[in-house]
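Worksheet: the structure to be examined is printed underneath.
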Amino acid sequence: MKVLVIGSGGREHALAWKLAQSPRVSRVHVAPGNGGTARDPRLHNVALCDIQALAEFAAAEGVALTVVGPEAPLAAGVVDVFRARGLRIFGPTRAAAQLESSKAYAKDFMQRHGIPTAAHATFDAAAAAHAHVERHGAPIVVKADGLAAGKGVVVATTADEAHAAIDAMLGASHPAGGARVVIEEFLDGEEASFIVLCDGRRALPLATSQDHKRLGDGDSGPNTGGMGAYSPAPVVTPAVHAKVMREIIAPTLAGMASDGVPFTGFLYAGLMIGAQGEVRTLEFNTRLGDPETQPILMRLQSDLCEVLLHAADGTLDAVELQWDPRVALGVVMAAAGYPAAPRSGDAIDGLPADEAEAMVFHAGTRVQDGRLVTAGGRVLCVTALGDSVALAQRLAYERLAGIRFAGMQYRHDIGHRAIGR
Ligand code: AMP
Numbered sequence: 250m251k252v253l254v255i256g257s258g259g260r261e262h263a264l265a266w267k268l269a270q271s272p273r274v275s276r277v278h279v280a281p282g283n284g285g286t287a288r289d290p291r292l293h294n295v296a297l298c299d300i301q302a303l304a305e306f307a308a309a310e311g312v313a314l315t316v317v318g319p320e321a322p323l324a325a326g327v328v329d330v331f332r333a334r335g336l337r338i339f340g341p342t343r344a345a346a347q348l349e350s351s352k353a354y355a356k357d358f359m360q361r362h363g364i365p366t367a368a369h370a371t372f373d374a375a376a377a378a379h380a381h382v383e384r385h386g387a388p389i390v391v392k393a394d395g396l397a398a399g400k401g402v403v404v405a406t407t408a409d410e411a412h413a414a415i416d417a418m419l420g421a422s423h424p425a426g427g428a429r430v431v432i433e434e435f436l437d438g439e440e441a442s443f444i445v446l447c448d449g450r451r452a453l454p455l456a457t458s459q460d461h462k463r464l465g466d467g468d469s470g471p472n473t474g475g476m477g478a479y480s481p482a483p484v485v486t487p488a489v490h491a492k493v494m495r496e497i498i499a500p501t502l503a504g505m506a507s508d509g510v511p512f513t514g515f516l517y518a519g520l521m522i523g524a525q526g527e528v529r530t531l532e533f534n535t536r537l538g539d540p541e542t543q544p545i546l547m548r549l550q551s552d553l554c555e556v557l558l559h560a561a562d563g564t565l566d567a568v569e570l571q572w573d574p575r576v577a578l579g580v581v582m583a584a585a586g587y588p589a590a591p592r593s594g595d596a597i598d599g600l601p602a603d604e605a606e607a608m609v610f611h612a613g614t615r616v617q618d619g620r621l622v623t624a625g626g627r628v629l630c631v632t633a634l635g636d637s638v639a640l641a642q643r644l645a646y647e648r649l650a651g652i653r654f655a656g657m658q659y660r661h662d663i664g665h666r667a668i669g670r
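If you count the sequence shown from 1, position 104 lands on 353 in this note's numbering, and the numbers rise without skipping.
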């Protein structure tokens, strides 16, 4: 059968790579894809982004399953459009995607359904928001309501920082549109990503993972979309895992269904795990994480196409996921100037050949005059398997060592938290 992956990042390269391994899949289209999906003979890039055009393409091409990578098309209703045309697609509807696209919706949802999260208040007027910060002091967290391209959250260590964040986010020039801010209690602990596959009623957990958001070694420097990740996450012990399924995932699926917006798709709970193993939800994403997907899919032994067909058709009870017991670890190589102003067009050399144990997933790359060049902030994710975090880390950095592009940036310590445990 033919499948279509929507998106152009490392997550989508990994999805397409894994889908292409399925004996049921004859052709994998990626729209729009990147330089890595362009160079893989089993994958076919389609230069489309518009939702109606994508649905047209899927119908004309006889695509049996479409998988959506990024949040933007989900929030824009790609699933609703495909379903209305009778096309099978895996992802949440526009209404269900509000769990990610609107922080106010997500917080209200969690409060109504008793899902553990930070205490919060929502404001559309700056004066009330400032007064709230005055009352509670710092540390405190200020979030823009809406998809904000990574500029949506300020963890303020001082009240002044919080006031400045409110003014910036309620200003008209902010990417989230300047409508509302959510102010939250600061939670202390260790973060982990908990991603489940949902068929509207049931949830099947993927392997756990942790990412590294800061640009620099030792978790220093500005926040980024993610500089590396590994799976499994040792902080998610079996007891924590059971607690997350019971206290967060199950009530979320039940709550969405009882609210009349059953959730189908990947549901990503960003967790804060306290010192005593208490679990709280920092945020929901309604899609796979990037770069967590790359190590997670390196470990998946099941047929991803079959799993996603069941999930899209509401028959997830027929599925069990098999995982490679080894650790997978991915190191992101970012462009010069990332994250503030990534530079494009730098030639990339020295890519190693793909191996079962080590893959280079592409994100911001494209092929220009037959050469591979940078075309975005996060450029590559070098992902490797190993019997321990240290061995996976060693292999990933060995494969990365030959890769060169002007101004490249990467962290040297991906996996340090897991190794430190
Ligand atoms: P979010 O997009 O809501 O996940 O926030 C991005 C990052 O900000 C998270 O990964 C955390 O590192 C941090 N963060 C968000 N909310 C809180 C909170 N209530 N307490 C502490 N850190 C937070």
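Using N, Cα and C, we set each Cβ at its ideal position, and we do this for glycine too.
Please identify the residue among the options whose C-alpha is closest to the C-alpha of residue i.
{"i": "G340", "options": "A639, L446, D618 and A408", "result": "L446"}
{"i": "L546", "options": "A499, A478 and Y659", "result": "A478"}
{"i": "D373", "options": "E569, R429 and M657", "result": "R429"}
{"i": "V609", "options": "T286, L464 and H278", "result": "T286"}
{"i": "A605", "options": "R548, A265 and A368", "result": "R548"}
{"i": "G514", "options": "L531, A321, N283 and T342", "result": "T342"}
{"i": "L516", "options": "L419, A375, R666 and R450", "result": "R450"}
{"i": "V279", "options": "P290, Q571 and R273", "result": "P290"}
{"i": "A213", "options": "D598, A411, L649 and M521", "result": "Past the boundaries of the shown model lies residue 213; the chain is included only from 250 to 670, so the question cannot be answered."}
{"i": "D448", "options": "R670, D598 and G563", "result": "G563"}
{"i": "L601", "options": "S551, L570, E647 and Y587", "result": "In the sequence on display, residue 601 carries Pro and not Leu. The residue with the shortest Cα to Cα distance from P601 is E647."}
Does the distance between the C-beta of residue i and the nearest non-hydrogen atom of the ligand AMP fall short of 7 angstroms?
{"i": "A367", "result": "yes"}
{"i": "E606", "result": "no"}
{"i": "K356", "result": "no"}
{"i": "G531", "result": "Just to set this straight, residue 531 is Leu in the shown sequence, not Gly. The answer is yes for L531."}
{"i": "E349", "result": "no"}
{"i": "R267", "result": "Before going on, a small fix: residue 267 reads as Lys here, not Arg. Answer for K267: no, Cβ out of range of the ligand AMP."}
{"i": "F435", "result": "yes"}
{"i": "K251", "result": "no"}
{"i": "V285", "result": "As written in the sequence, residue 285 is Gly, which differs from the Val given in the question. No, the Cβ of G285 stays beyond 7 angstroms of every heavy atom of the ligand AMP."}
{"i": "G401", "result": "yes"}
{"i": "K392", "result": "yes"}
{"i": "G519", "result": "yes"}
{"i": "V404", "result": "yes"}
{"i": "E647", "result": "no"}
{"i": "K492", "result": "no"}
{"i": "E569", "result": "no"}
{"i": "E440", "result": "yes"}
Could you pull out every residue in the same chain whose Cβ sits closer than 6 angstroms to the Cβ of residue i, ignoring the five residues on either side in sequence?
{"i": "A346", "result": "L323, A324 and T535"}
{"i": "V485", "result": "A441 and T457"}
{"i": "V201", "result": "Only positions 250 to 670 of the chain appear in the structure, and residue 201 is not among them; the question remains open."}
{"i": "G470", "result": "R463 and L464"}
{"i": "P481", "result": "A456 and T457"}
{"i": "R260", "result": "G318, L537, D539 and T542"}
{"i": "V312", "result": "K251 and L253"}
{"i": "A344", "result": "V510"}
{"i": "A645", "result": "L578, V580, V631 and A633"}
{"i": "G599", "result": "G651, I652 and R653"}
Give me, in chain order, the residues of the same chain whose beta-carbon lies closer than 7 angstroms to that of residue i; leave out the 5 immediate sequence neighbours on both sides.
{"i": "V568", "result": "L453, V556 and H559"}
{"i": "G386", "result": "A408"}
{"i": "V274", "result": "M250, V252, L268 and C554"}
{"i": "N294", "result": "V279, P281, G282, T286 and A287"}
{"i": "P544", "result": "S458, A478, Y479, S480, A577, L578, G579 and T632"}
{"i": "D416", "result": "A375"}
{"i": "M521", "result": "L436, G438, E440, R529 and L531"}
Check whether the Cβ of residue i lies closer than 7 angstroms to any heavy atom of the ligand GDP, and answer yes or no.
{"i": "G386", "result": "Looking at this structure, you won't find the ligand GDP anywhere; what it does contain is the ligand AMP."}
Excluding sequence positions up to five away, which residues of its chain have a Cβ less than 8 angstroms from the Cβ of residue i?
{"i": "I668", "result": "V638, A639 and Q642"}
{"i": "V316", "result": "V252, L253, V254, I255, L264, L268, I338, F339, G340 and L557"}
{"i": "A584", "result": "P591, R592, S593, D595, G613, T623, G625, G626, R627, V628, F654, G656, M657 and Q658"}
{"i": "R615", "result": "N283, G284, A287, L621, V622 and A624"}
{"i": "F533", "result": "L348, E349, A355, T501, L516, Y517, A518 and G519"}
{"i": "T406", "result": "A387 and P388"}
{"i": "H381", "result": "A370, F372 and I432"}
{"i": "R575", "result": "R548, L634, G635, D636 and A641"}
{"i": "A368", "result": "E433 and E434"}
Is it true that the region 304-324 meets the region 582-599, where meeting means three or more beta-carbon pairs spaced less than 8 angstroms apart?
-> no
Ranges of the alpha helix (DSSP H) found wholly within the region 347-398, counting only runs of at least 4 = 347-350, 352-361 and 375-385
Return the chain-ordered ranges of every alpha helix (DSSP H) run that is complete within the region 297-352 and spans a minimum of 4 residues.
-> Runs of alpha helix (DSSP H) with 4 or more residues, each lying fully within the region 297-352, are found at 300-310, 320-324, 327-333 and 347-350, listed in chain order.
Start-end ranges of the alpha helix (DSSP H) lying completely within the region 527-597, minimum 4 residues | 542-548 and 553-562
Touching or not, the region 497-512 and the region 641-661, by the rule of three or more beta carbon pairs under 8 angstroms?
-> no
Examine the Cβ distances between the region 521-528 and the region 348-358 and report whether three or more of them are shorter than 8 angstroms.
-> These segments do not touch.
Going along the chain, which unbroken runs of the beta strand (DSSP E) with 3 or more residues stay wholly within the region 418-485?
-> 430-434, 439-449, 452-454, 463-465, 469-472 and 477-480
Ordered list of alpha helix (DSSP H) runs contained in the region 257-301, each at least 4 residues = 259-269 and 284-288
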